[in-house]
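Read in order, the letters of the sequence shown are residues 33 to 245 in our numbering. Beta carbons: idealized from backbone N, C-alpha and C, even for Gly.
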Amino acid sequence: MTAAPVFDQKFRDQLDSLFLWRRDVRHFRRDPVPENVLDHMLALTCVTPSVGLSQPWRFIRVDAPTRRAAVKAEFAERNAEALAAQSESDSAAYARLKLAGLDEAPHHIAVFCDPDPAQGRGLGRMTMPETVQWSAVMAIHSFWLAAQSHNIGLGWVSILDPEHMRLLLDVPPEWRFMAYLCVGYPEEEHNTPELERRGWEQRASERHHWIIR
Ligand SMILES: Cc1cc2nc3c(=O)[nH]c(=O)nc-3n(C[C@H](O)[C@H](O)[C@H](O)COP(=O)(O)O)c2cc1C
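The structure is reproduced here in structure tokens:
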């Protein structure tokens, strides 16, 4: 058995920085991430907690240019719809946002969730079957932090139709689409969200927790 590590203050300070500097990235350099680094990040993601140890996440690397082109077309359609749905006062601001880095990001990863995996034998999800999807979301967050630890950026694209994505990527019919991730080195690093920098929304400063006494 290996001894448990003792995390010290220096590590905690670095972890704080990792949390504070993790960004949703929309502007990527085009140079690829080394394969061994990407592999390591994906392997580390597998230790994410999951309901009943079901590990329901399915990360699919999308390398084929034809599939990428189809995803870009899907994004363009959904984004046009989202623009049209904006109120008159928001539509100019929405149009100025860069909501995907699909053209520049060297790596594309689609994440699906198997909603009823054999693994885990159903443990813990009888009353809340959605815990399977929550587990997949946690895996995405692990991957996001693992990427940031290498100064690699990730952009989560969700303005996509889940059913279209399932068909476009030809995955089993029962899988649920969770996210489309653009991955690569960011053009710039920031410690504030892009949506804040562009004046769309502000991070709330108050704490989002309460105490019942
Ligand atoms: C579930 C989820 C879905 C998201 N989908 C999108 C998206 O479709 N387009 C986008 O520009 N950002 C998307 N984001 C990124 C958020 O806009 C971003 O996390 C938020 O503005 C805070 O910025 P930060 O991640 O850099 O702290 C998504 C984030 C999450 C967690």
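For Phe107 versus Ala125, is the C-beta distance shorter than 8 Å? No, the pair does not count as a contact, with Cβ atoms beyond the cut-off.
How big is the Cα-Cα spacing for Asp122 and Glu221? Approximately 27 Å between the Cα atoms of the pair.
Terminal residues of the beta strand (DSSP E) in which Ala211 lies: In the DSSP assignment, Ala211 falls within the beta strand (DSSP E) that extends over 208-216.
Just to confirm the assignment: which complete alpha helix (DSSP H) runs, minimum length 4, are found wholly within the region 66-102? Counting only runs that start and end inside the region 66-102, the alpha helix (DSSP H) elements of at least 4 residues fall at 67-77.
Measure the C-alpha to C-alpha separation of Arg153 and Gly84 and round it to an integer number of angstroms. The alpha-carbon atoms of Arg153 and Gly84 are separated by roughly 7 Å.
Please say whether Phe144 and Trp232 have beta carbons closer to each other than 8 Å? Against a cut-off of 8 Å, the Cβ pair of Phe144 and Trp232 comes out as no contact.
Taking the Cβ atom as the reference point for each residue, do Trp89 and Ala178 lie within a distance shorter than 8 Å? Not a contact, by the Cβ cut-off of 8 Å.
Within 10 angstroms of its Cβ, does Cys214 collect 16 or more other Cβ (buried), or is it exposed? Flag for Cys214 reads buried.
Compute the beta-carbon to beta-carbon distance between Val57 and Gly185, rounded to the nearest angstrom, for a pair I have assumed lies under 8 Å. By a beta-carbon distance limit of 8 Å, Val57 contacts Gly185. Their separation comes to about 3 Å.
Report back the beta-carbon spacing between Arg246 and Pro138 to the nearest angstrom; my notes put them in contact at under 8 Å. There is no way to answer for residue 246, as the model of the chain reaches only from 33 to 245.
Ligand 1 heavy atoms versus the CB of Arg55: any closer than 7 Å? Proximity of the beta carbon of Arg55 to ligand 1 is indicated: a heavy atom of the ligand is located closer than 7 Å.
Between the C-alpha atoms of Met210 and Pro37, what's the straight-line distance to the nearest angstrom? Distance between the alpha carbons of Met210 and Pro37: 33 Å.
Is the beta carbon of Leu192 sitting closer than 8 Å to the one on Arg99? Against a cut-off of 8 Å, the Cβ pair of Arg99 and Leu192 comes out as no contact.
Cβ-based burial, Ala171 [other Cβ within 10 Å; buried from 16]: With 16 or more other Cβ atoms within 10 Å, it is buried.
Can we count Pro194 as close to ligand 1, meaning its CB is less than 7 Å from some heavy atom? No - ligand 1 has no heavy atom lying nearer than 7 Å to the Cβ of Pro194.
Where does the unbroken beta strand (DSSP E) through Phe51 begin, and where does it stop? It is not in any beta strand (DSSP E) - Phe51 instead sits in the alpha helix (DSSP H) that spans 41-53.
Is Val189 helix, strand or coil by DSSP? Strand, per DSSP.
Would you mind giving the Cβ-Cβ distance between Asn223 and Leu52, rounded to the nearest angstrom? I have them listed as a contact below 8 Å. Sure, about 5 Å apart at Cβ, within 8 Å.
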